Every structure is written in structure tokens, then in C-alpha cells.
Amino acid sequence: MVAGFAINNYVLSNRVSGEVMDVTDVISTYPVDTFDFKQTLQEYARHLCYKNDAALAHANVGVYECIDNHDKRKNACNHKVFRLAPLTLEEQREVVNYAQQYIQCTLPYKSIKG
């Protein structure tokens, strides 16, 4: 039985202003339901666009362009990254691995740091 997946949306929304945050900071229990995790990654990717605004500006990429790129690519990247994923992710390393693949697919700017 899956123990559940808790996302602290308060943490995610309040750290948008530039604090360093890892996707694992918003996960409180394992195993992680993969469907819910995909939803979290979408918000996390948007967070990265805001968090890396200075680096993006240096590369002449705006925050909204970063978000727009994510929104255009998220469906294709969900399929590419998660097509063979298990229904639940059991360990933190799995979560980090899938998150990195998704971020690299949806936000292909070298200046983005997750």
C-alpha cells in the first residue's frame, strides 16, 4: 500500500523569491505517487524559472520565456521521462533522477540550476 505523498505548497510558493530549494524539499513521505510527483515537477520547474532569473537574464532569456518554454514542452517531456516509470518512486535518488530528467527536458537553458 502506498503511504502517500505530501507536498508542502506553502514551502514551494514562499521560496520562489530566490531561496535555494531542491525538489526533495517539498516531499515529506515515501513512496511517492508518480502521478502526483509529475504535478509537483510542473510547479517546481516554474519555481526554477523565477529562482534563476538573474542567470536567465544574463543569457537573454526572460522568466516568462522560460515558463512558456516549460508549458510548451511539459506534455512531451512527461511522456519521454515517465513513460516507463513505476507507479510509485520508493527512494529519494529516484525522485532526484526523474526530476533532473524532466527539468533538462522542459528547461533546456544551461543557466538553469535545480
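Residues 81 to 194 in our numbering are what the sequence shown spells out, letter by letter. Glycine included, each C-beta is placed from N, C-alpha and C at the ideal position. Predicted model, so just to flag it, every value in this text is computed and none were measured.
With a 10 Å radius around the Cβ and a threshold of 16 neighbouring Cβ atoms, residue 173 comes out exposed. Secondary structure of residue 141 (DSSP, three-state): coil.
Residue 139 and residue 153 have their alpha carbons spaced roughly 20 Å apart. In terms of Cα proximity to residue 130, the closest of 112, 145, 119 and 158 is 145. Rounded to the nearest whole angstrom, the C-alpha separation of residue 183 and residue 135 is 16 Å.
Residues of the same chain with a CB within less than 7 Å of the CB of residue 133, apart from the 5 flanking positions on each side, are 143 in chain order. The Cβ atoms of residue 161 and residue 169 lie no closer than 8 Å to each other. If the five residues before and after residue 187 are omitted, its C-beta is found closer than 8 Å to the C-beta atoms of 125, 128, 129, 146, 149 and 150, all from its own chain and listed in chain order.
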